[in-house]
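For reference, the structure discussed in these notes is given below.
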Amino acid sequence: MISGTHTVEIDTSPEALWDYLMEFDNWAQFVVGFQKFRIVDERTSVWTLRGDVGVLAREVDLEVVMLEQEPGRRATYSITGITERLEGTGTFEISPRGASGAQAASAARQAADAEPSTMERRKRQSWWRRLVRRWALATLRRQHGEYARAQRAESSASRSSGPAGSASAQTGAAVGLGAVFTFALEVTPGGPMAPMVEMLMRPLLAPSAEDFSTRIREQLEGTSHARD
1 MISGTHTVEI DTSPEALWDY LMEFDNWAQF VVGFQKFRIV DERTSVWTLR
51 GDVGVLAREV DLEVVMLEQE PGRRATYSIT GITERLEGTG TFEISPRGAS
101 GAQAASAARQ AADAEPSTME RRKRQSWWRR LVRRWALATL RRQHGEYARA
151 QRAESSASRS SGPAGSASAQ TGAAVGLGAV FTFALEVTPG GPMAPMVEML
201 MRPLLAPSAE DFSTRIREQL EGTSHARD
């Protein structure tokens with residue numbers, strides 16, 4: 001199994017973010033390799049992706065099923081390959097912005113209390129992780145291509161003329177609200193090529209989660225945040 005998780009803070013209310021996430025049309029274009037999706041029933045949809053990495057080296061159909069939902073806070077989906085042997089889960093988690101403060105303080109204390117040898121090892125590894133992350137993000141952005149750029153331009157235009165996106169961001173900013181959004185993705189390739197597919201996909205999953213959550217933030221806030 002390989003996994004990727006990323007958390008961002010968004011200047012909108014948790015309720016507005018939840019409503020946004022429950023409409024696939026709002027963010028489908030931010031999924032790497034997105035081609036199309038169709039709704040089967042209230043819990044099931046079928047997605048078609050295309051890409052150039054591992055199992056996504058060609059067009060792939062995936063069945064996505066709602067496993068559990070806690071409205072306003074958390075939704076978990078199963079992912080099952082239809083045309084490829086692949087299983088996984090995707091999770092959306094939302095909390096009010098202030099709820100992340102205690103978590104950040106706890107993480108800082110843990111880092112300060114870490115053994116010196118652990119800290120040194122992390123420093124030695126950090127340059128390699130940054131390099132892989134930058135390469136993976138560049139690859140993901142190339143895969144989005146002209147289609148994603150056109151979709152973002154269209155979404156930006158609709159936000160400026162319609163109430164949905166702009167109202168969410170303005171409401172959050174006006175009353176000082178904010179949401180913390182965490183996207184987590186876990187994937188387990190199958191079949192005889194699974195080890196090779198996993199090796200190819202492993203460096204891309206965490207940057208893919210980052211790219212996805214960052215693009216959602218940009219659309220809801222109507223801004224473009226700097227990325228390294």
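Residues in the sequence shown are numbered consecutively from 1, following the UniProt record's numbering. Yeah, the Cβ is synthetic: ideal placement off N, Cα and C, and Gly gets one too.
- DSSP places D211 in the helix class (H, G or I) of the three-state scheme.
- Out of G222, V187, T44, the CA that lies nearest to the CA of S3 is found in V187.
- In terms of Cβ geometry, L200 and L185 do not form a close pair [threshold 8 Å].
- In the DSSP assignment, L62 falls within the unbroken beta strand (DSSP E) covering 60-70.
- Comparing alpha-carbon positions, the option among T7, V31, E221 lying closest to E93 turns out to be T7.
- According to the DSSP assignment, L21 belongs to no beta strand (DSSP E) but to the alpha helix (DSSP H) extending over 14-21.
- Secondary structure note for F181: its beta strand (DSSP E) is the uninterrupted segment 179-189.
- The beta carbons of E42 and V60 sit about 24 Å from each other, so the pair does not count as a contact at 8 Å.
- Taken through DSSP and simplified to helix, strand or coil, P192 comes out as coil.
- Here V197 is buried. Its C-beta has 16 or more other C-beta atoms within 10 Å.
- DSSP places W47 in the uninterrupted beta strand (DSSP E) bounded by 44-49.
- DSSP, reduced to helix, strand and coil, places E218 within a helical segment of the structure shown.
- Between G178 and I39, the C-beta gap is not smaller than 8 Å, which leaves the two residues out of contact.
- It is roughly 8 Å from the alpha-carbon of V32 to the alpha-carbon of G51.
- In the assembly as shown, P207 is a buried residue. Its beta-carbon has 16 or more other beta-carbons within 10 Å.
- In terms of Cβ geometry, G90 and I79 form a close pair [threshold 8 Å].
- Inclusion of E23 and G72 in the CB contact set at 8 Å is not warranted, their separation being larger than that value.
- In the assembly as shown, E210 is a buried residue. Its beta-carbon has 16 or more other beta-carbons within 10 Å.
- In the DSSP assignment, V8 falls within the unbroken beta strand (DSSP E) covering 2-10.
- Close CB contacts of V180 within its chain, under the 6 Å cut and outside five residues either way in sequence, are with E9, S95, R97, S100 (chain order).
- In the structure shown, R85 falls within a coil segment according to DSSP collapsed to helix, strand and coil.
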